[in-house]
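In the working numbering, the protein residues as written are 821 to 984.
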């Protein structure tokens, strides 16, 4: 039994990357960083190895992620735009999701923190401001995570995402 497991582990990089040399990462040549080490651009590859989508990240002067989006390689259309807001402690407090450049809100998340800066709650809302998901974290006095809960409040699986 152990021999089978070892063989699978040794073969995994070939299946994951589709290459004979497991040290080669096809995504690596498409990844771009700024001089501060922030990821600016990455890609998604189709099965034949061509770029199908590009992912972009933007940062503010305080080096915080402020916007992400993806661009289809063929249509050049920007989709799934996310914007990020922070409080004066540099803690992420809100993320907005937009399905297209029309910037019609799809969903948003709000984040809360305890006095030690630990994230204690994430609330996700749909575009009608209805709570659809809650995630909470509880910590002990040493700041170690003790309880993590996820609660799906409303099913959003059949929504029209672009009203424009």
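The C-beta atom is built at its ideal place from N, Cα and C for all residues, glycine as well.
For clarity, every value in this text was computed on a predicted model and none was experimentally measured.
From the DSSP output, which residues share a beta bridge with residue 877?
Paired residues: 888.
With burial defined as no fewer than 16 other Cβ atoms inside 10 Å of the residue's Cβ, what is the status of residue 924: buried or exposed?
Per the 10 Å Cβ criterion, exposed.
Taking only the alpha-carbon atoms, compute the straight-line gap between residue 883 and residue 926 and give it to the nearest angstrom.
Distance between the alpha carbons of residue 883 and residue 926 is about 26 Å.
Nearest-angstrom Cα distance between residue 908 and residue 870?
Cα to Cα, the separation comes out at about 42 Å.
Straight-line CA distance for residue 901 to residue 955?
Computed Cα separation, rounded: 22 Å.
Closer than 7 Å: is that where the CB of residue 928 sits relative to any heavy atom of the ligand HEM?
This structure lacks the ligand HEM; in fact it carries no ligand of any kind.
Which runs of the beta strand (DSSP E), 3 residues or longer, sit entirely within the segment 889-956?
List check, beta strand (DSSP E) in window: 898-906, 912-920, 927-933 and 939-946.
Would you call residue 928 buried or exposed, if buried means 16 or more other Cβ atoms sit within 10 Å of its Cβ?
Buried, by the Cβ-count rule.
Could you say which of 960, 861 and 856 lies nearest to residue 850 if we only look at CA atoms?
With distances taken between Cα atoms, residue 850 lies closest to 861.
Starting from residue 860, follow the beta strand (DSSP E) in both directions and report where the run begins and ends.
Looking at the DSSP string, the run of the beta strand (DSSP E) that includes residue 860 is 859-865.
Could you pull the start and end residues of the beta strand (DSSP E) that residue 969 belongs to?
Segment 965-972, the beta strand (DSSP E) holding residue 969.
Nearest to residue 944 by CA position, among 915, 858 and 959, is which residue?
Looking at the Cα atoms, 915 is the closest of the given residues.
Can you list, in chain order, the residues of its chain whose CB lies under 6 Å from that of residue 932, leaving out five sequence neighbours each side?
940 and 941.
Tell me the DSSP bridge mates of residue 853?
Looking at the DSSP assignment, residue 853 forms a beta bridge with 859.
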